[in-house]
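These notes concern the structure reproduced below.
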Amino acid sequence: FVFTRNTPERPGEVYLAKAGGGEPARVTSVFGDAVAAFKVARQERITWKGQDGQVVEGLLYYPVDYQAGQKYPLIVYTHGGPAASDKFGFSSDVQVYAGKGYAVLKPNYRGSTGYGDAFLREMVKGYFKQSHLDVMTGTDAVIAMGLADPAKLVKMGWSAGGHMTNKIITFTDRFKAASS
Numbered sequence: 001f002v003f004t005r006n007t008p009e010r011p012g013e014v015y016l017a018k019a020g021g022g023e024p025a026r027v028t029s030v031f032g033d034a035v036a037a038f039k040v041a042r043q044e045r046i047t048w049k050g051q052d053g054q055v056v057e058g059l060l061y062y063p064v065d066y067q068a069g070q071k072y073p074l075i076v077y078t079h080g081g082p083a084a085s086d087k088f089g090f091s092s093d094v095q096v097y098a099g100k101g102y103a104v105l106k107p108n109y110r111g112s113t114g115y116g117d118a119f120l121r122e123m124v125k126g127y128f129k130q131s132h133l134d135v136m137t138g139t140d141a142v143i144a145m146g147l148a149d150p151a152k153l154v155k156m157g158w159s160a161g162g163h164m165t166n167k168i169i170t171f172t173d174r175f176k177a178a179s180s
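In terms of this note's numbering, the sequence shown is residues 1 to 180.
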C-alpha cells in the first residue's frame, strides 16, 4: 500500500506498507530540511463542557518555546463545513502562528463530523443554536488553563468558520481582532 501520512510533527510524506502488516516505512523526505530547521508546536486534544453541558473537543497548539505559567495571545480558529472537523496533523498556518508566539485553539463545535449523528445534526434548523457557544466555552477553557491571555484574543475561521467568526463578533467584544 502506498499512502501519504501527515503527522503533528511533519507535513505529508509518502509511506509504503506491506500487505502482511508491520510498521509503514517513510519513502520520501520532501520536508526533511524544514523539519530540521524549524521548531514545531506541541499539539494536544482538549475537552470542555459546552454551555448546556455537552462535552466538546478541540485541538490546542502551544506557542513554540512555550513556558508554563506564562499567558499567551490566543487565536480561536474555526474550521469550515460545518460538516468537517479538525484532526491531528501538521498545519502549516498554525505552525506560523505558534512560531510568532500565539496559542491556537481549533474547536470541533456542534455540527462537526466524527462525534455521532446527534452532534453533527445539532445545526439543523438553527445554524448557531449551540456551536458559537461551544467556541466561547472552549475559549474560556483555554483561559482557565492559564495559557491564554484574556486581553489578547483573536477569532478567525474559513467558510462556515468565517460565518462563525462573523456571528461571534456580533455576540461579544472579547476578541481584539477577527478574520473571516
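Glycine included, every Cβ here is placed at the ideal spot set by N, Cα and C. A quick note: this is a predicted structure, and the numbers were derived from the prediction, not measured.
One question on the structure: do residue i and residue j come within less than 8 Å of each other, judged by their Cβ atoms?
i    : j    : result
W48  : V56  : yes
M156 : S131 : no
L147 : R174 : no
I143 : V104 : no
G81  : A160 : yes
S85  : T113 : yes
V2   : E13  : no
S46  : A141 : The question names Ser, yet the displayed sequence has Ile at residue 46. Yes; because the gap between Cβ atoms is below 8 Å, this pair is in contact.
L120 : A83  : yes
Provide the residue span of the beta strand (DSSP E) that contains residue i, from first to last.
i    : result
M156 : 148-157
T78  : 72-78
F88  : Where F88 is concerned, there is no enclosing beta strand (DSSP E), given that its DSSP letter is neither H nor E.
V64  : That residue, V64, is in no beta strand (DSSP E); it is neither H nor E in DSSP.
A1   : According to the sequence as given, residue 1 is Phe; it is not Ala. Per DSSP, F1 belongs to no beta strand (DSSP E) and is neither H nor E.
Out of the options, which one is the CA nearest neighbour of residue i?
i    : options               : result
A25  : I46, Y15, G32, A19    : Y15
G89  : E23, A19, G58         : G58
E9   : K167, E44, V2         : E44
F171 : S112, G12, K129, P63  : K129
M136 : D93, N108, A118       : N108
V96  : A83, G116, F38        : F38
S11  : S180, Y102, D52, D93  : Here residue 11 is Pro; the residue named in the question, Ser, does not match the sequence. Among S180, Y102, D52, D93, the Cα nearest to that of P11 belongs to D93.
M145 : L120, G116, Q70, Y102 : Q70
D52  : A19, R110, G20        : R110
Check whether the Cβ of residue i lies closer than 7 Å to any heavy atom of the ligand FMN, and answer yes or no.
i   : result
V64 : The ligand FMN is absent from the structure shown, which contains no ligands of any kind.
I believe residue i touches residue j by the beta-carbon criterion, under 8 Å. Please report the beta-carbon distance rounded to the nearest angstrom.
i    : j    : result
Y72  : D149 : 6 Å
A98  : V64  : 5 Å
R42  : Y66  : 7 Å
H79  : K106 : 7 Å
N166 : S180 : 5 Å
Length-filtered (4 minimum) alpha helix (DSSP H) runs lying within the segment 14-60: DSSP runs (the alpha helix (DSSP H)) wholly in the segment 14-60: 32-37.
Contained beta strand (DSSP E) runs [length at least 3] in the segment 98-179, N- to C-terminal order: You should have 103-108, 148-157, 177-179.
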